[in-house]
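Let me begin by presenting the structure, written as structure tokens, before commenting on it.
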Amino acid sequence: METATLISTLFIFVLAVFVGFEVISKVPSMLHTPLMSGTNAIHGIILFGGILVLADADTKLAQALGFVAVVFGSANVFGGFMVTDRMLQMFKKKK
Amino acid sequence: MSSTIIDLLIIAVATLFIIGIKMLSSPKTARSGNLVAAGGMLLGLLILQGNTGGIWCQGWSFNYTLIAIGIVVGLIIGAIGAYSVKMTAMPQMVALFNGLGGGAAALVASLEFIHGKANAPFDAGSMQFATLIGSLSFSGSIIAYLKLEGKFEKPMTFPGQNILNGLILLVILGLCGWLTFNATDGNAVKAFIVMFSLALFFGIAMVMPIGGADMPVVISLLNSFTGLAVAADGFAINNRAMVVAGTLVGSSGTLLTLLMCKAMNRPVTNVLFGAFGSSGGGASSGSDLAGKTVKSLQADEAALLLSYAQQVVIVPGYGLAVAQAQHQVRELCDELGKKGVEVRFAIHPVAGRMPGHMNVLLAEANIPYDLLCEMEAINPTMDRVDVCLVIGANDVVNPAAREDKSSPIYGMPIIDADHSKQVIVMKRSMAAGFAGIENHLFYKDNTRMLFGDAKASLNALVAQVKAS
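Respectively, the protein sequence lines represent chains A and B. The opening position of the first sequence corresponds to residue 3 in our numbering, with each subsequent residue numbered one higher. The opening position of the second sequence corresponds to residue 1063 in our numbering, with each subsequent residue numbered one higher.
Shown next as structure tokens:
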């Protein structure tokens, strides 16, 4: 990575650290499990990484490992969002 | 599409993630928040950029067939997992998905490294970090999953364990350090494989000594680890959406872990290295209880007490989840409501196997969430409560945390069930809770035990309340 790109990405990184802290600082404990599950789904973005390395794979080994990475990432992202939605659909207000 | 538009869209993706997490932290908007984050993910996937422009705009090749199959297989696994899991097993499912994400992060970094993409020490360093953290999150999550499934729940310890683990970690870090500056060395790939295997082993060694009761903290920590590994991958393959998403999860996960430890009044180091429950510290408190006996009662008496109370507080615990009795609790709540009894639920932050576990369980039975009160809110009102009904909770209502300095849970915030005028504890037997210590609450003068399976007892209670 070029130094200029690297520095601006580092900027993003540092700001994201603080945003991550700020954004959940007032969450009620009843939402801890759905929140953990929701953020769990968001790190399923590793699927992107899996797709990128598999697209560039040029050996059988790289294809096999890349394929496993895509399957894992895909299960993480889709399963994560679905299981979170299933938890949250049960939070209903008293009619 | 021009690269400027793509960059702007990536900013939109990051914004959607932040708004999604923000909305997830309020009950009213949580469900939409999850969809907002999912929308961000979909947008990010559509505009994903490879080395030469949009990844979906390039000529089709065998690799793309593999990608498509991989996504579909993952989708099916994820959907089956998400929709077949029982509400009680939710924490395990999160652990499993987290482990898969960690494994993917480690594999992506490894492939980049082995392909010789580590041109600068910074890139190589990010790849080492992602591999190390990702693979220990993978193996650690699987152990956490197995522990929550009831396999080797007890902490596994041996003398010098922390020292041995420390040595393994030192070797791993040493290898990472060397690889960072010698990524093109002839032995780099071999050293890398050794590092990868040791990191997998370290994940197992790190989680094995921790008791099943502490798994929520471990899962939360591993969740934030996976986030950081994904962020490091983002640096290594120069994908800013991954950097933002991974970092958000890393920092919010770390905060969540600390909040959970705070609720148990234990420093995070104590959870990770303390091997809680193996100290046998509870033995000393047995002497105060000598000569005291517990008093039990039958369902009909309990039903009378509940029916003629003005205020009832229900304290649910893991026992309720095991008995799958959440619908019976709701029936009881409805029946008491008809008689004009005010029913509230006191939720301890670490009741169950995960923070919020009880909320999810009670929500499944359609219990409105405005009846659920947090510990801090309900404790000052406990001495006005007529009957406190404890269902399958144990350590979180143990007054030893306030009274007995020798108790291993001394100092942990608890729900002051013993302050209410009458306590009814529903329990299968006199077995100790997860912390393995005697519960002083059971021996109080205003406590009565209602022995039996929670579901059966609750059914009996509902019938008796209806009849009375």
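Glycine included, every Cβ here is placed at the ideal spot set by N, Cα and C. Computed from a prediction, not measured in an experiment: that's the story for all the values here.
The CB of T1288/B comes closer than 7 Å to the CB of H45 in chain A, given here in chain order. Nearest neighbour of F1263/B by Cα position, chosen from L1194/B, D1448/B, G1315/B and I1131/B, turns out to be L1194/B. Proximity to V1485/B across D1445/B, M1420/B, P1271/B and A1463/B peaks at D1445/B, based on C-alpha coordinates. DSSP lists V1375/B and V1485/B as the beta-bridge partner residues of C1450/B. Interface criterion met: the Cβ of A71/A is under 8 Å from a Cβ in chain B. For A1408/B, the uninterrupted beta strand (DSSP E) segment begins and ends at E1404 to I1409.
A57/A has a beta carbon lying within less than 8 Å of a beta carbon in chain B. Within chain A, the residues placing a beta-carbon under 8 Å from that of I1080/B are V21 and V25, ordered along the chain.
Taking 8 Å as the cut-off, the beta carbon of V1134/B is found no closer than this to the beta carbon of G1106/B. A contact is defined here as three or more CB-CB pairs under 8 Å, and the region 1424 to 1441 of chain B fails this definition with respect to the region 1354 to 1361 of chain B.
The criterion of a C-beta distance shorter than 8 Å is satisfied by F1079/B and L1310/B.
Against chain A, a Cβ distance below 8 Å from M1304/B picks out I47, I48, F50 and G51. Annotated three-state conformation of S1203/B is helix, per DSSP. At a C-beta separation below 7 Å, R1406/B has no neighbours in chain A, since its nearest C-beta there lies roughly 13 Å away. Boundaries of the beta strand (DSSP E) harbouring F1513/B: T1509 to F1513, taken from the DSSP string. The beta carbon of L1394/B does not come within 8 Å of any beta carbon belonging to chain A, so the residue lies off that interface. Within the region 1258 to 1312 of chain B, complete beta strand (DSSP E) segments of at least 3 residues are not found at all. In the DSSP assignment, L1503/B falls outside any alpha helix (DSSP H) and carries neither an H nor an E. Nearest Cα to N42/A within the set L1523/B, V1098/B and G1164/B: G1164/B. The region 46 to 53 of chain A makes contact with the region 1290 to 1310 of chain B: 3 or more CB pairs, one atom from each, lie closer than 8 Å.
In the DSSP assignment, S1358/B forms a beta bridge with M1511/B.
D1295/B has a beta carbon lying within less than 8 Å of a beta carbon in chain A. Counting the other Cβ atoms within 10 Å of the Cβ of I1476/B gives 16 or more, which makes it buried. Remark: C-beta atoms of V1405/B and G1399/B approach each other more closely than 8 Å.
In the DSSP assignment, G1143/B forms no beta bridge with any residue. G40/A places its beta carbon 8 Å or farther from that of I1081/B.
Interface annotation for the region 1429 to 1440 of chain B against chain A: P1430, Y1431, D1432, L1434 and E1436, criterion Cβ-Cβ distance under 7 Å. In terms of Cβ geometry, S1530/B and A1365/B form a close pair [threshold 8 Å].
With 16 or more other Cβ atoms from the protein chains shown falling within 10 Å of its own Cβ, A18/A counts as buried. One finds R1302, V1305 and V1306 in chain B with Cβ atoms closer than 7 Å to the Cβ of I14/A, taken in chain order.
Membership of L1434/B in the beta strand (DSSP E) is indicated by the continuous run L1434 to E1436. With a threshold of 8 Å between beta carbons, A64/A makes contact with chain B.
Looking only at A1250/B, I1131/B and V1356/B, the smallest Cα-Cα distance to L1512/B is reached by V1356/B. Pairing T35/A with F1159/B, the inter-Cα distance amounts to about 14 Å. From the beta-carbon of P1411/B, the residues of chain A found nearer than 8 Å are S31 and H34.
In the structure shown, the three-state DSSP call for G82/A is helix.
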